[in-house]
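Taking it in order: structure first as C-alpha cells, then the write-up.
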Amino acid sequence: MTDDQSALPRIVILGAGLGGTIAAYEIHDAVEGRASVSVVSDSAVFSFLPSNPWVAVGWREADEVQVDLAPIFARKKIAFTSVGAKRVHPEENCIELNDGTSLAYDFLVIATGPELAYDQIEGLGPDGGHTQSICRTDHATAAATAFDRFAADPGPIVVGAVQGASCFGPAYEFAMILDTELRRRKIRDRVPMTFVTSEPYIGHLGLDGVGDTKTMIESAFRDRHIKWITNAQVTKVAAGTMHVEQIGEDGAVRSSHDLPFGYAMMLPSFRGIPAVRDIAGLVNPKGFVIIDEHQRNPAYGNVFGLGVCVAIAPTGPTPVPVGVPKTGFMIESMVTAITANISAMLDGEEPSTEATWNAVCIADFGDDGFVFVAQPQIPPRNVNWSAQGRWVHYAKVAFEKYFLRKIRKGESEPFYERLALEAMGLRKLKITKTKEAA
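To convert, count from 1 in the sequence shown and add 28; that's the numbering used here.
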C-alpha cells in the first residue's frame, strides 16, 4: 500500500469465495481513489463451488474450476492475504489474523461463507465420518476417488441433506448426476438409490418450492428410480448404514429407517465461522451475521454481511429444521447493494440501497436439468417460475465458463451482464462510467 493509499478509508473484505471475490472487484471499481480495498481469506484459491458435483464424478478436475487469486488482486491493486482470520474485533475495528498480526478497517464486509457443521451428527462427513462431501472442491475430489472405488463394487447409494441444512440444490443435482454417470458405466441396475432430506416435500429447496419444482423433481426421481424420505432427521451414520427418523407434523417420530449404503453424500447444516461466532450484536446464536435491509449490521454500522454467512429467517415452520439458501444471483445483488451503500457512506450519506434478493437457479441433472426464477427469493413472489429440459445442462456448462472467465479477468459484472439482468427484471440498471462503457 502506498503512502497516499494509507491515508484513505480502509475497506476490508473477509472471505474470497463467490461473494467475497465479486465484492472485492465491484467495491474496488466503485471507490477507487476514495478508499483502499483489502481481502482476507484462508485460501489463495477461488473455487467455483457449483461445479463440485461434476468434480465428484470425474467430469471436472479441481484445477479446471479453480483460480489463483493473488495475481488478479495484485493486478487490480487490491491488497490480499490468505493467512485467514482468527477473530473479528468490531469494537476495535480490526481483524486478528492467524499469523498473529492484525488488520484495521473503517468498513468491514463479511463474506466468509459457512463452517460445515458435520460434527453435529455422529459419523457424518468426510473427515473421520462415513459420508462424502461436495461442499468444498477438495472434498469433491476425494468423493470422486471414493466413487471410482464404489463403482468397482456397487451397492446402495444415499444422497441428501440433513436437518438444519440450507442448501438443497446441490444434493438434488448430485443424485441426478450420479444416476447419469451410473447409467454411462452400465451399472445403474445394481445401485438402489435413496434421497434423504429434511425438507417437508421434494422440491421445497428451503424456499417452499418455486413454480412446480415439487412435481418436476418427484417426476424426475420416479423416472430415474430414486426413492425418497422427507421430513428426515439423521440420527447417526455408521460404516455402511445411515440411521434416519421420519418426523410427523406434531414433531413425533413416525418411522425409523436403517439405510444401507456403499456410497453416501449428505449436505450438512451450516454455522458461522469461529472468527465471528458468539460476538454479541454481530451474529445470531448460529453465528450468522445479522443484517438490516441495507446489508448492514444494526449494532456495528460500519460492518456489512453478504452470502451464506448472513442470517435469514426460514420461510415457515417445518417438522424438521430447514434453512434458506443464498443463491448466486441473490448474493450478487447483496454485493451491488453493499457497494452502493459504502460508496454513499464515503460521501457522508446514509445507506439507502437494498438488494433485490431475486433468484435464478440452474440445476444440472447430468443430461438435463431444471431452472427456476423467484422474484423475490422469499415468498410471496412477483415471479414464481420453473422449467425443465436438456438445454439447462448446456446452460450451466456455459455459465460455468462465463463465471470463471469473469473471475480470471477481475470483473464483477460486465456491462452486458447488467443489461441482461435489467431485461429480466433482476436488477435496476445503473449506468456509470466503467471500463466497458467508457
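In this text, a Cβ means the ideal position worked out from N, Cα and C, and glycines have one as well.
Just so you know, these numbers come straight off a predicted model, no measurement behind them.
#1: Would you call the stretch 189–201 and the stretch 384–395 in contact, with 3 or more CB pairs under 8 Å?
#2: Can you find the residues in the same chain that come closer than 6 Å, C-beta to C-beta, to residue 326, ignoring five residues on each side of it along the sequence?
#3: To which residues of the same chain is residue 140 closer than 6 Å at the C-beta, ignoring the five residues directly before and after it?
#4: In the structure shown, what three-state DSSP assignment does residue 138 receive?
#5: Determine the direct distance from the alpha carbon of residue 68 to that of residue 127, and round the result to whole angstroms.
#6: Short of 7 Å in beta carbon distance, which residues of its chain neighbour residue 131, apart from the five on each side in sequence? Order them along the chain.
#7: Report the rounded CA-to-CA distance for residue 471 versus residue 324, giving the unit in angstroms.
#8: Can you tell me which of 227, 175 and 108 puts its alpha carbon nearest to the alpha carbon of residue 297?
#9: Go to residue 283, then tell me how far its beta strand (DSSP E) extends in each direction, as first and last residue.
#10: In the DSSP assignment, find the beta strand (DSSP E) that holds residue 291 and state where it starts and stops.
#11: Can you pull the DSSP bridge partners for residue 123?
#12: Ordered along the chain, which non-local residues of its own chain (more than five positions away) have a Cβ less than 6 Å from that of residue 460?
#13: Decide if residue 346 is buried, meaning its Cβ has at least 16 other Cβ atoms within 10 Å, or exposed.
#14: Given this structure, state the Cα-to-Cα distance separating residue 159 from residue 413, to the nearest angstrom.
#15: Excluding five sequence neighbours on each side, which residues of the same chain lie with their C-beta closer than 6 Å to the C-beta of residue 436?
#16: Out of 367, 167 and 221, which one is the CA nearest neighbour of residue 183?
#17: Just tell me which of 53, 144 and 81 has its CA closest to the CA of residue 105.
#18: Taking the beta strand (DSSP E) that residue 87 belongs to, which residues open and close that run?
#19: Could you compute how far the alpha carbon of residue 248 sits from the alpha carbon of residue 255?
#20: If you follow the beta strand (DSSP E) that residue 271 is in, where does it begin and where does it stop?
#21: Among residues of its own chain, excluding the 5 on either side of residue 144, which ones have a beta-carbon nearer than 6 Å to its beta-carbon?
#22: Report the option in 375, 376, 219 and 111 whose CA atom is closest to the CA atom of residue 98.
#23: How would you label residue 444, buried or exposed, when you count the other beta carbons within 10 angstroms and need 16 or more for buried?
#24: I'd like to check one pair, residue 51 with residue 366: are the Cβ atoms closer than 8 Å?
#25: Count the other CB atoms, across all protein chains shown, that sit within 10 Å of the CB of residue 35; report buried if there are 16 or more and exposed otherwise.
#26: Let me make sure I understand the geometry here. Which of 422, 335 and 418 has the alpha-carbon closest to that of residue 383?
#27: Please list the terminal residues of the continuous beta strand (DSSP E) segment that includes residue 264.
#28: Going by DSSP, what residue range makes up the beta strand (DSSP E) through residue 402?
#29: Give the single residue among 260, 285 and 276 whose Cα lies nearest to the Cα of residue 269.
#30: Is residue 419 buried or exposed, if buried means 16 or more other CB atoms sit within 10 Å of its CB?
#31: I'd like to check one pair, residue 339 with residue 357: are the Cβ atoms closer than 8 Å?
#32: What first and last residue would you give for the alpha helix (DSSP H) that runs through residue 177?
#33: Beta-carbon within less than 7 Å of residue 179's beta-carbon, same chain only, minus the 5 sequence neighbours each way: which residues are those?
#34: At which residues does the beta strand (DSSP E) containing residue 385 begin and terminate?
#35: When the Cα atoms are used, what is the spatial distance from residue 458 to residue 371?
#36: Exposed or buried, residue 258, counting other C-beta atoms within 10 Å across all chains shown (16 or more means buried)?
In brief:
#1: yes
#2: Along the sequence shown, one-based indexing puts residue 326 at 298. Cβ neighbours of residue 326 beyond the five flanking positions: 320.
#3: Taking the first residue of the sequence shown as position 1, residue 140 is located at position 112. Taking C-beta separations shorter than 6 Å and ignoring five residues to either side along the sequence, the partners of residue 140 in its chain run 42, 43, 301 and 337, following chain order.
#4: The sequence position of residue 138 within the sequence shown is 110, counting from 1. In this structure, residue 138 counts as strand in the three-state DSSP scheme.
#5: For the purposes of this step, residue 127 is identified with residue 99 of the sequence shown, where counting begins at 1. For the purposes of this step, residue 68 is identified with residue 40 of the sequence shown, where counting begins at 1. Each residue's Cα considered, the two are about 12 Å apart.
#6: The residue labelled residue 131 in the question sits at position 103 within the sequence shown. Contacts found: 40, 66, 68, 122, 123 and 125.
#7: What the structure shows of the chain is the stretch from 29 to 466, and residue 471 is not part of that stretch, so it cannot be assessed.
#8: Along the sequence shown, read from residue 1 onward, the residue named residue 297 stands at position 269. Closest option to residue 297, Cα to Cα, is 227.
#9: Here residue 283 refers to the residue found at position 255 of the sequence shown. It spans 281–288 - the beta strand (DSSP E) in which residue 283 sits, taken as one unbroken run.
#10: Taking the first residue of the sequence shown as 1, we reach residue 291 at position 263. Counting along the chain, the beta strand (DSSP E) containing residue 291 begins and ends at 291–295.
#11: Residue 123 sits at position 95 when you count from the first residue of the sequence shown. Note: residue 123 is bridge-paired with 116 and 131 in the DSSP secondary-structure output.
#12: Here residue 460 refers to the residue found at position 432 when the sequence shown is read from its first residue. Any reading at residue 460 needs caution, since the residue's pLDDT is 34, under 50, leaving its predicted position unreliable; the model's value is listed next. So the list is empty, once near-sequence residues are dropped.
#13: Your numbering for residue 346 matches position 318 in the sequence shown. It counts as buried.
#14: Taking the sequence shown and counting its residues from 1, one reaches residue 159 at position 131. Taking the sequence shown and counting its residues from 1, one reaches residue 413 at position 385. Distance between the alpha carbons of residue 159 and residue 413: 33 Å.
#15: Residue numbering aside, residue 436 sits at position 408 when the sequence shown is read from its first letter. If we look at residue 436 and ignore the five residues flanking it on each side, its Cβ neighbours are 95.
#16: As a first step, residue 183 must be located in the sequence shown, where it is residue number 155. When only C-alpha atoms are compared, the closest one is 221.
#17: As a first step, residue 105 is located in the sequence shown; it is residue number 77 there, counting from the start. Here the closest residue by C-alpha is 53.
#18: Taking the sequence shown and counting its residues from 1, the one referred to as residue 87 is at position 59. Bounds of any beta strand (DSSP E) do not take in residue 87, whose DSSP letter is neither H nor E.
#19: The count along the sequence shown starts at 1 and reaches residue 248 at position 220. The count along the sequence shown starts at 1 and reaches residue 255 at position 227. Per the coordinates, the alpha-carbon of residue 248 lies some 11 Å from the alpha-carbon of residue 255.
#20: Position 243 of the sequence shown holds residue 271. Note, residue 271: beta strand (DSSP E), 269–275.
#21: By 1-based counting over the sequence shown, the position of residue 144 is 116. Excluding residues within five positions, the ones whose Cβ falls inside 6 Å are 163 and 296.
#22: Translated into positions along the sequence shown, residue 98 becomes position 70. Comparing Cα-Cα distances from residue 98 to each of 375, 376, 219 and 111, the minimum goes to 111.
#23: Taking the first residue of the sequence shown as 1, we reach residue 444 at position 416. Note that residue 444 has pLDDT 48, beneath the 50 cutoff, so the model's placement of it is unreliable and the number below is only indicative. By the neighbour-count rule (16 or more Cβ atoms within 10 Å), residue 444 is not buried but exposed.
#24: Here residue 366 corresponds to residue number 338 of the sequence shown, with the count starting at 1. Here residue 51 corresponds to residue number 23 of the sequence shown, with the count starting at 1. Result yes, Cβ atoms of residue 366 and residue 51 sit closer than 8 Å.
#25: On the sequence shown, position 7 is the one that residue 35 refers to. When all chains shown are included, residue 35 counts as exposed.
#26: Locating residue 383 in the sequence shown gives position 355, where the first residue counts as 1. When each option's Cα is compared against that of residue 383, the closest is 335.
#27: As a first step, residue 264 is located in the sequence shown; it is residue number 236 there, counting from the start. Residue 264 -> beta strand (DSSP E) spans 260–266.
#28: As a position in the sequence shown, residue 402 is number 374, starting the count at 1. Counting along the chain, the beta strand (DSSP E) containing residue 402 begins and ends at 397–403.
#29: As a working mapping, residue 269 is identified with position 241 in the sequence shown. Out of 260, 285 and 276, 285 has the C-alpha closest to the C-alpha of residue 269.
#30: Here residue 419 is taken as the residue at index 391 of the sequence shown, counted from 1. It counts as exposed.
#31: Against the sequence shown, residue 357 aligns to sequence position 329. Against the sequence shown, residue 339 aligns to sequence position 311. In terms of Cβ geometry, residue 357 and residue 339 do not form a close pair [threshold 8 Å].
#32: By 1-based counting over the sequence shown, the position of residue 177 is 149. Run containing residue 177: 165–180, per the alpha helix (DSSP H) assignment.
#33: Looking up residue 179 in the sequence shown gives position 151. Contacts found: 213 and 215.
#34: Reading the sequence shown from its first residue, position 357 is the one you call residue 385. Boundaries cannot be given for residue 385, as no beta strand (DSSP E) includes it and DSSP labels it neither H nor E.
#35: Position 430 of the sequence shown, counted from the start, is the residue given in the question as residue 458. Position 343 of the sequence shown, counted from the start, is the residue given in the question as residue 371. Bear in mind that a pLDDT of 44 at residue 458, under 50, signals an unreliable position, so the number given afterwards is only what the model happens to contain. Going by the C-alpha atoms only, they are around 14 Å apart.
#36: Walking along the sequence shown from the start, residue 258 turns up at place 230. Looking at its Cβ environment, which holds 16 or more other Cβ atoms inside 10 Å, residue 258 is buried.
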